[in-house]
Amino acid sequence: MRQNDLLQAFIEYTPAMVFIKDLEGRLLAVNSTFEQTLDLPRDQVLGRLDRDVLPPDFMRQARASDRAVLAEGRPVQRQKTFALPGGRREFLSTRFLLNDTSGAPYALGGVYIDITDRVAAEREVQRAHRRFVALLESAPDATLITNGEGIVVMANPQVERLFGREPGDLVGSEVVSLVPAARRRRHCALLRAYLRLRDPKPAVLDKDLYGARGDGSEFPVEVSVSSLQTEQETLVVLTVRDITERRRLEAERAERYEQQRRIAYTLQHSLMGEPPRLAYLPCAYRYLASVQDPGVGGDWFDVIPLEEHRTGVLIGDVMGRGLEAAAVMGQLRAASHALARTGATPSALMRALDRFVGDLAGQLVTVVYLVLDQDRHEVTLCSAGHLPVIALPPDGPACRLGAPVGVPLGVNDATHVVPFEEATLPLPPGSALVLYTDGLVERPGTDIEAQVDVLTHTVDVALKGARVDDPGTLDRAADCLIKTLIADADASDDDVTLLLLGVPGPQGNGTRL
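Heads up: the sequence shown is residues 895 to 1407, going by the working numbering.
Structural data, given as C-alpha cells:
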C-alpha cells in the first residue's frame, strides 16, 4: 500500500474532522467526518483552494491558525467556535506542519475534535453551580456543607450572623468546632450514625442540640440534615437555626398548660369527691387523668352506704373530654348519689339517670350500679353499656359477673325505649370486685375483649389467696393492675378509673357502722 493510501486510511478512521492542505491552501485529503460536519462532499473539495470551498467563519479562523503554525514552527492547539451549516459548534483544534525528508514544510494538517456536547455539559454544570451558590447564599438560615469526615467545604454568609465566624474561615475546619466542647461527642455520634444509614433521608433534629458562638456562649439549635451525592463522594448539608425564642415560648406554654392541668385536676377531684372509708367494705382506687386537653374528663365512681347492711357502688364514664364532660359527670354523680340514698333499685336508678341524660343534648354515658348486700351474700347490678365487673370469689378463679348489659344512657328516646334489666348474683364473703372505665383496657389496634381477659387474669394473679379485707393488699393489687394494663401511666390518652372492693369473710374484723 502506498504512503498516501496509508495516510488516507489513518485519517479516515480518526474520530475527528481531519484535513490536509498544501502551503497554498489546496486541500489534499479529508475524511468522512470532515464531509459530514461541513456538509462538503470529498470530490468537491479535493484539489481546490480552501478559500473557495470552506465556510467563511471556518476559513477565517483556519487562516489565523495557519499563520500561527507557520510562525511558530510547531503544532498549535486552541478551542474554537464555528458557525457551520448545522449551527454553532465547539471544537478543540490542533494545527500542525507536515515536513519532507529534508525537514522543510510542505503541507498543513488540521484535526478538529467536536466538543460541543461536552462544553455544553460543562457550562450547564457551571450554571448549576452558580445557581446552587446563589441559593446557598440567599438561604435565611446558616447552611454548611461538609464531606463525609465532617470537614466544612462550603458555608453561606449567615453562619457569621449565627456563630460569629467568617464563612471562609470555616472551610477546612471540623463542623463540630461550632458545637460547645462539652457536647461535641454526642453531636459527632449523631452525624456518624446518619452517614452510616444505607439510604439517608432528610431529617430535622432539635432535641438537645446546641451551637457555640464566637464568644463561647451556647444556644439551642434545630438542624436539618440531608445528603448530597457527587461523583467523588457523599456530602452532608446542614441547615442550622437558632431556636432560643422557640424554646422560651415552649417553656411558657408548658408552664401555662401545667397550671391549667393542675386546676383541672383539682376540679376533677372536687367533682368526683372522696369515697367514704368503710371498715366493713375496704377499697382501693386509682384515677389517672388523660394527657390530652387539660386533664379533665367524665370518669367517676361512688361508694354509697345504704340501709339494712347494704352498700351502693357506682362507676361511670361520660363520653368526650374537657370541662363539658366533667360538668355532666358532676351532675350525674350528684343525681345518682341522691337516687341511691332513696333506696332506688339498680334498674330504677338507671331509668332515672337515662331520663336525666336524655335532656342533655348530644350526651352519651356508660355506667354500672350495683348494690352489695353483705347479710344476704349477694350483689344486684344493672349496666348501661358499661364494661363487665370482674369478681374474684374466695374459692375460684376471677371471672366476669354475668349480668345483662343495656344501652348507654342517652340512647333511648320517646319513640324507642330499651329497658334496663338488673340481675342478682351470689357474692360469698372473701370475694373481691373490680370496677373500671374503658381507659384501662381500650387501646388502638387491640381487641378490648382480649384486654378484659388480661385484666381478669391479672386480678387472679394479684389477689388469689390474699386477704381482700386488707386495704394494703387491695392497694398493691391496684398498682399491679395499672402497671400491667397501662404501658405508660404518664402518657395515657384517656382517663383511667379503677376501683377494687374487698368483701370481708368471717375472719374479717370490720363491723357495720
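Just so you know, even glycine gets a beta-carbon here, dropped at the ideal spot from N, CA and C.
Could you work out which residue in Arg1141, Arg1077, Gly1279 is closest to Asn1306 when comparing CA atoms only? Gly1279
**Prompt:** Going by the CB atoms, is the gap between Thr1037 and Asp1193 shorter than 7 Å?
**Reply:** no
- request: Mind checking which residues open and close the beta strand (DSSP E) that includes Phe1118?
  value: First, the amino acid is wrong: residue 1118 is Ser here, not Phe. Residues 1112–1123.
Measure the CB-CB distance between Val1328 and Ile1284 and report whether it falls below 7 Å.
yes
Query raised in the report: Which residues mark the beginning and the end of the beta strand (DSSP E) in which Gly1003 is found?
Result: 999–1008
- Report buried or exposed for Lys1101, applying the criterion of at least 16 other Cβ atoms within 10 angstroms of its Cβ. exposed
Shortest alpha-carbon distance to Pro949 belongs to which of Val1355, Val1311, Leu978? Leu978
Query raised in the report: For Phe976, which residues of its own chain have a beta-carbon under 8 Å away from its beta-carbon, when the five flanking residues on both sides are left out?
Result: Pro949, Asp951, Phe952, Gln955, Arg982, Arg983, Phe985
**Q.** alpha helix (DSSP H) segment containing Lys915, residue limits
**A.** Here Lys915 belongs to no alpha helix (DSSP H); instead the beta strand (DSSP E) covers 911–916.
Less than 8 Å between the CB atoms is what I'm expecting for Val1197 and Pro1176, so what's the real figure, rounded? That belief does not hold up - the Cβ atoms of Val1197 and Pro1176 are roughly 11 Å apart, past 8 Å.
Query - Straight-line Cα distance separating Leu1056 from Ser1067 - result: 17 Å
*Give a yes or no on whether the C-beta atoms belonging to Ser1277 and Val1262 are separated by under 7 Å.*
yes
| query | Looking only at its own chain, which residues have a Cβ that is under 7 Å from the Cβ of Leu1243, when we skip the five neighbours before and after it? | reply | Ser1230, Leu1233, Ala1234, Tyr1263
**Prompt:** Which residue from Val1335, Ala1087, Gly1004 puts its Cα closest to that of Asp916?
**Reply:** Gly1004
Practice prompt. Consider the Cβ of Leu1393: report whether some Cβ of chain B lies at a distance smaller than 7 Å.
Written response: Of the protein chains in the structure, only one exists, and it is not chain B.
Exercise for review: Give, in chain order, every unbroken run of the beta strand (DSSP E) that is at least 3 residues long and sits entirely within the segment 1199–1252.
Suggested key: 1204–1212
How big is the Cα-Cα spacing for Gln1020 and Pro909? 27 Å
- prompt: Is Ile1137 helix, strand or coil when you go by DSSP?
  reply: coil
> Just curious, the alpha helix (DSSP H) that Pro949 is in, first and last residue?
Replying inline: Premise fails: Pro949 is in no alpha helix (DSSP H) and is neither H nor E.
Exercise for the section: Would you kindly work out how many angstroms separate the C-alpha atoms of Gly1404 and Arg1204, rounded to a whole number? Expected result: With a pLDDT of 40 at Gly1404, under the threshold of 50, the predicted position of this residue should be treated as unreliable, though the coordinate-derived value follows. Whole-angstrom Cα-Cα distance: 14 Å.
*asked:* If you measure between the beta carbons of Pro1094 and Tyr1088, is that distance less than 7 Å?
replied: yes
| query | Which partner residues of Gln971 appear in the DSSP bridge assignment? | reply | Thr988
Check: Would you call Tyr1179 buried or exposed, if buried means 16 or more other Cβ atoms sit within 10 Å of its Cβ?
Finding: buried
Item to check | Beta-carbon proximity check, Gly1105 vs Val1115, cutoff 7 Å | outcome: yes
Going along the chain, which residues of its own chain have a beta-carbon closer than 6 Å to the beta-carbon of Ala958, five neighbours each way excluded?
none
Practice item. Using only alpha-carbon positions, find the residue among Leu1368, Pro1398, Ala1183, Gln971 that is nearest to Leu1334. Key: Ala1183
Spatial neighbours of Gln1401 within its chain, please: C-beta separation below 6 Å, excluding the five flanking residues on both sides.
Residue placement at Gln1401 is flagged as unreliable, the pLDDT there being 47, under the threshold of 50; the coordinate-derived value follows with that caveat. Once the five neighbours on either side are set aside, Gln1401 has no close Cβ partner at all.
TODO: Spatial neighbours of Thr1133 within its chain, please: CB distance less than 6 Å, with the 5 preceding and 5 following residues excluded, ordered by chain position.
DONE: Asp1035, Thr1037, Ser1118
For a minimum of 3 consecutive residues, which ranges assigned as the beta strand (DSSP E) are wholly contained in the segment 1245–1315? 1259–1267, 1272–1278, 1284–1286
Next on the checklist: Does Leu1002 pass the burial test, meaning 16 or more other C-beta atoms within 10 Å, or should it be called exposed?
Outcome noted: buried
For Met1048 and Gly1062, I'd like the C-alpha separation in whole angstroms.
8 Å
If we count the other Cβ atoms within 10 Å of its Cβ and call it buried at 16 or more, is Tyr1330 buried or exposed?
buried
query: If Leu1357 and Leu1286 are in contact, beta carbons under 8 Å, what's the gap, nearest whole angstrom?
result: 5 Å
* Three-state secondary structure (DSSP) of Gly1044 -> coil
Three or more C-beta pairs under 8 Å: does that hold for the segment 1308–1324 against the segment 1370–1378? no
Report task. Rank Met1223, Leu1129, Glu1218, Val1397 by C-alpha distance to the C-alpha of Glu1272 and give the top, closest one. Result -> Val1397
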